[in-house]
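Input: a single structure, listed below in structure tokens.
Numbering (my numbering), first residue to last: 6 to 290.
Below is the structure:
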């Protein structure tokens, strides 16, 4: 029987959760003794500055090491155990801002969830540290600007895009380089070509081979990789707010706006209109 772990929301970890993002110099909002294995109802970005420890995400143990970035998605099970000399910077992002932030993820969502701990490049680490400091400085203001927080998170999203794909390619060199090539091709052609056969022909492999690779390393089908990329781009365009639903659908290769609407709702659980409304609603407290 699957264990039932406690789920924590921002209101349960701070007394007055008046901000859409919380900054913690450590992982101490739960108290010095922590809470053991738990789930969170928000997004966590943890940058390791120094020291060590163990971070368990979905029952997989990852060493806490300087220069690593850790990502925990809403409703994922995890536990943080820091050594005494460990220094980490942690951002807790509420669901409204999380949806806006992840609109800037370029690749299939499962790629990020399958690589929740990334060894950052020197440049990536410096850029990430800069943006986190920017968020920290904005949060201490009496009248913080939510738009500035969104801009910092947007840049963090782009840094994560670059770093997770770089890390993914390095890992795949010892696994299967065809998969990273497939993901990159999808990123280039997803709007025009939504059939796996198109990519299989370019890579000189079979559709079944791509499905086997995706299932083994990303826990999804090759078709899902394409569909996830389409949805991510649709969310990104909706969040900018300068295109109609019909225009977004057309730019992604959908001639029928009603079919595009059904596709979007099937994959996200929201209609495009509802998603747009959420993007432009005030940040939740």
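Heads up, the beta-carbon is just placed ideally off N, CA and C, and yes, glycines get one too.
{"query": "Just verifying my parser: in three-state terms, what is the DSSP assignment at residue 216?", "result": "helix"}
{"query": "Report yes or no: do three or more beta-carbon pairs, one from the region 161–168 and one from the region 130–149, lie closer than 8 angstroms?", "result": "yes"}
{"query": "At what residues does the alpha helix (DSSP H) containing residue 198 begin and finish?", "result": "Careful: residue 198 lies outside any alpha helix (DSSP H) and carries neither H nor E."}
{"query": "What is the residue span of the beta strand (DSSP E) that residue 279 lies within?", "result": "Run containing residue 279: none in the beta strand (DSSP E); it sits in the alpha helix (DSSP H), 277–284."}
{"query": "Quick one: grab the DSSP three-state call for residue 72.", "result": "coil"}
{"query": "Given that a residue counts as buried once 16 or more other Cβ atoms are within 10 Å of its Cβ, and exposed if not, what is residue 279?", "result": "exposed"}
{"query": "Pairs of beta-carbons, one from the region 54–71 and one from the region 89–96, closer than 8 angstroms: are there three or more?", "result": "yes"}
{"query": "Do the region 71–81 and the region 118–127 touch if we need at least three Cβ pairs shorter than 8 angstroms?", "result": "yes"}
{"query": "Could you compute how far the alpha carbon of residue 236 sits from the alpha carbon of residue 250?", "result": "13 angstroms"}
{"query": "Given this structure, state the Cα-to-Cα distance separating residue 158 from residue 262, to the nearest angstrom.", "result": "31 angstroms"}
{"query": "Kindly list the residues whose CB is nearer than 7 angstroms to the CB of residue 70, restricted to its own chain and excluding five residues on each side of it in sequence; keep chain order.", "result": "53, 57"}
{"query": "Please name the residue, chosen from 129, 284, 142, 190, that lies closest to residue 242 on a Cα-to-Cα basis.", "result": "284"}
{"query": "From what residue to what residue does the alpha helix (DSSP H) around residue 235 run?", "result": "227–245"}
{"query": "Going straight from the alpha carbon of residue 194 to that of residue 201, what length do you get?", "result": "11 angstroms"}
{"query": "Taking its Cβ as the centre, do 16 or more other Cβ atoms sit within 10 Å of residue 233, making it buried, or is it exposed?", "result": "buried"}
{"query": "So does the region 94–107 actually touch the region 22–31, counting three or more Cβ pairs closer than 8 angstroms?", "result": "yes"}
{"query": "Ends of the alpha helix (DSSP H) at residue 264?", "result": "262–273"}
{"query": "Determine the direct distance from the alpha carbon of residue 64 to that of residue 256, and round the result to whole angstroms.", "result": "40 angstroms"}
{"query": "By the three-class DSSP mapping on this structure, what secondary structure does residue 189 have?", "result": "helix"}
{"query": "Could you spell out where the beta strand (DSSP E) holding residue 124 opens and where it closes?", "result": "122–124"}
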